[in-house]
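Numbering (the working numbering), first residue to last: 2 to 681. These notes concern the structure reproduced below.
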Ligand SMILES: C[S@@+](CC[C@H](N)C(=O)[O-])C[C@H]1O[C@@H](n2cnc3c(N)ncnc32)[C@H](O)[C@@H]1O
């Protein structure tokens, strides 16, 4: 059959070869080939996507992007059990004696879920942060010990930082704690400088009243605005004002200033034991504290400046375009004191404690940096801080927010709260994991006594045992896996979704500090070019080539014929699927079946604004030689759909058809463009 004839066939009517839950078995019986409780799994996934870290507290020690749902991966892994009782989601274990590999661990969802089910797990990632996180969260350290260490750490930190974060209550003038400080962006025109904010509204009360910022005096006020002189010059503008109403000139940012100096303090938000939270204009003493911090950090802090250089990248270029060439420029002097003090105190602890403490300080930077914005005005009382990576990219606020990392109250990103949520709650959860269950219309919690979210660490494959859950996690470019052939039972993973998240590039923001805190814990200068991600829509070939190498290694290490490669994927664009298809074809995999599951929380910012897909295709593949040659996917019917579920379903079928076909590389890319209704 010529390619044109084959092409014509493409116009065929589409018969949905895969009944979502009932695909006929195609190979040596693995339950997931024909069985996946999609409805149940979706019910949990829909709930989990709203608050993933509450469902899996022990997997959220450090910021990582695009984590998958733990409940979905538990469902996937449960279908790899050899016993039907092992398939029951709420039964403990089910994978004893199995070795599960994740060559791209990221936030660690697979290895955490698999080790809880009794499997031994092998996990690799090209970036040291996922590896460090996995080691810190899968290593058992009694909570009592961690709490004692943290108490020491916090007391020393507080002693150093408190003097710089003390303020006074505007009502009773007694000493008070600074919760955070709001800054305005400085701009200039012929008339001089003015400050710009995202909004003059600081707080909206449910009754419609609120706290506003007076643009002439800079005073926060509730109700009647302060009296200002007639000719008073306006000092503060809303971000939408581009031209000076007096001189008519377009306001200019102060680009030749260091980023951190492009902002000026505007409002202190503090907490008085008697009068609770207050908003006030910084007093002389408050400004003094900022100046003292500058003097202190100049005299006492020696930062590894060269190691903090911003190197270009798909997202880091946004920093360079803003004239930010060093990561230290993103932090106020008080924040740099926080970093340096943390480093000094960390160095006094044992390595096993330095690891989780270092990760806590590192992840806190997403809330303790002058890239943070303010979103606390709304009457729904959302958390005050818009953290650095609320979008998978850098954004530059008008109203910047400097958090007090040792504030004693419940502000996100304070070191105390991070310990409570990401160490204390996580350790208690790892001891006795809790699942949710929908029973007669109500949600209940089910403790899985006997399961633990930790294991015994090993340094090499030879030490992997199967009688007790052990884990081997290493920083590795998985294009070369240090594992023997036919050594793992299954590969369960989730690769980068083409160009969706620039992991290696964005993670620089944390890596540069972790290299300082924990120099021996990773190869901090690995080549990000080896990351399986498309930096731009043009370099899909690189993405394909690296993934093909990783899948080929997975093919080599999988036990056959029962070994399965299972991963989640979604993308709107045909070239993403085209390159993924070619990477799997080159690695000699074929699709056994697929399931479609909700994976994203529809209201989260980076989903809602981008009309992004809300579902994942769960792709179940097997080495081609493990499948009988005659069972093939039928040609799918081409109908364009904007429905996320249908789209993921369709893409999985097209993938199955392409992997079974003998279409050429060019024809496969063409086929994807034609199938998804776009020109190649
Ligand atoms: C989507 S993430 C995994 C997310 C993870 N499944 C989770 O739920 O948290 C993909 C990971 O692949 C890693 N990666 C990319 N290229 C790699 C390579 N060549 N070798 C190993 N890991 C790689 C990235 O660093 C990233 O952490």
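Beta carbons are placed, not taken as given, at the ideal position from N, Cα and C, and that holds for glycine.
Short of 6 Å in beta carbon distance, which residues of its chain neighbour residue 123, apart from the five on each side in sequence? Order them along the chain.
102 and 473
Please work out which residues of its chain come closer than 6 Å, Cβ to Cβ, to residue 280, disregarding the five sequence neighbours upstream and downstream, and give them in chain order.
203, 212, 221, 268 and 270
Could you tell me whether the segment 377-397 touches the segment 156-169, where touching means 3 or more Cβ pairs closer than 8 Å?
No: fewer than three Cβ pairs fall under 8 Å.
Indicate the three-state DSSP secondary structure (helix, strand or coil) for residue 204 in the structure shown.
strand
Pairs of beta-carbons, one from the segment 108-121 and one from the segment 505-522, closer than 8 Å: are there three or more?
no
Give the secondary structure of residue 392 by DSSP, where H, G and I count as helix, E and B as strand, and everything else as coil.
coil
Going by alpha carbons, who is nearest to residue 83 out of 357, 491, 42 and 545?
491
Helix, strand or coil: how does DSSP classify residue 105 here?
coil
Can we count residue 91 as close to ligand 1, meaning its CB is less than 7 Å from some heavy atom?
Result no, Cβ not under 7 Å from ligand 1.
With distances taken between CB atoms, is the gap from residue 324 to residue 265 smaller than 8 Å?
No, these two residues do not count as a Cβ contact at 8 Å.
Which of the three DSSP states is assigned to residue 654 in this structure?
helix
Residue 363 Cβ short of 7 Å to ligand 1 heavy atom set
no
For residue 565, which residues does DSSP report across the bridge?
491
Can you tell me whether residue 645 is buried or exposed, with buried defined as 16 or more other CB within 10 angstroms of its CB?
buried
With residue 130 and residue 66 assumed to form a contact (beta carbons below 8 Å), what rounded beta-carbon distance in angstroms separates them?
That pair is no contact at about 11 Å.
DSSP has residue 447 in a bridge; who is on the other side?
436
What is the rounded straight-line gap between the Cα of residue 357 and the Cα of residue 138?
8 Å
With three or more beta-carbon pairs closer than 8 Å as the criterion, would you say the segment 311-325 touches the segment 527-539?
yes
Would the beta-carbon of residue 59 fall within 8 Å of that of residue 113?
yes
Using the Cβ count rule (16 or more neighbours within 10 Å means buried), how would you classify residue 447?
Residue 447 is classed as exposed because its beta carbon has fewer than 16 other beta carbons within 10 Å across all chains shown.
Residue 662 versus residue 520 - alpha carbon distance:
49 Å
Measure the alpha-carbon distance for residue 422 versus residue 153 and round it to whole angstroms.
Between the C-alpha atoms of residue 422 and residue 153 there is a straight-line separation of about 18 Å.
For residue 14, is the classification buried or exposed, using 16 other Cβ atoms within 10 angstroms of its Cβ as the cut-off for buried?
In this prediction, residue 14 has a pLDDT of 42, which is less than 50 and means its spatial position is unreliable; what the coordinates show is noted afterwards. Burial call: exposed.
Whose C-beta lies closer than 6 Å to the C-beta of residue 240 among residues of the same chain, with five residues either side of it excluded?
197, 199 and 399
Could you round the C-beta distance between residue 552 and residue 532 to whole angstroms and report it? I think they count as a contact, below 8 Å.
The Cβ separation is near 15 Å, so there is no contact.
Would you check if the distance between the CB atom of residue 480 and the CB atom of residue 550 is smaller than 8 Å?
Taking 8 Å as the Cβ cut-off, residue 480 and residue 550 qualify as a contacting pair.
Roughly how many angstroms separate the alpha carbons of residue 24 and residue 371, rounded to a whole number?
Low confidence applies to residue 24: its pLDDT is 42, below 50, so where it sits in the model is not reliable enough to give any reading.
Which residues in the same chain have their Cβ closer than 8 Å to the Cβ of residue 44, if we skip the five residues on either side of it in sequence?
If we look at residue 44 and ignore the five residues flanking it on each side, its Cβ neighbours are 439.
Spatial neighbours of residue 487 within its chain, please: CB distance less than 6 Å, with the 5 preceding and 5 following residues excluded, ordered by chain position.
560
Within 7 Å: the Cβ of residue 527 and any heavy atom of ligand 1?
no
For ligand 1, is there a heavy atom less than 7 Å away from the beta-carbon of residue 545?
no
What whole-angstrom Cβ distance do residue 637 and residue 658 have, given they're in contact under 8 Å?
6 Å
Rounded to whole angstroms, what's the CA-CA distance from residue 622 to residue 431? Just pull it up for me.
31 Å
So who's on the other strand from residue 190, going by DSSP bridges?
193
Which of helix, strand or coil DSSP assigns to residue 671:
helix
Spatial neighbours of residue 695 within its chain, please: CB distance less than 7 Å, with the 5 preceding and 5 following residues excluded, ordered by chain position.
Outside the shown range of the chain, which is 2 to 681, sits residue 695, and nothing can be said about it.
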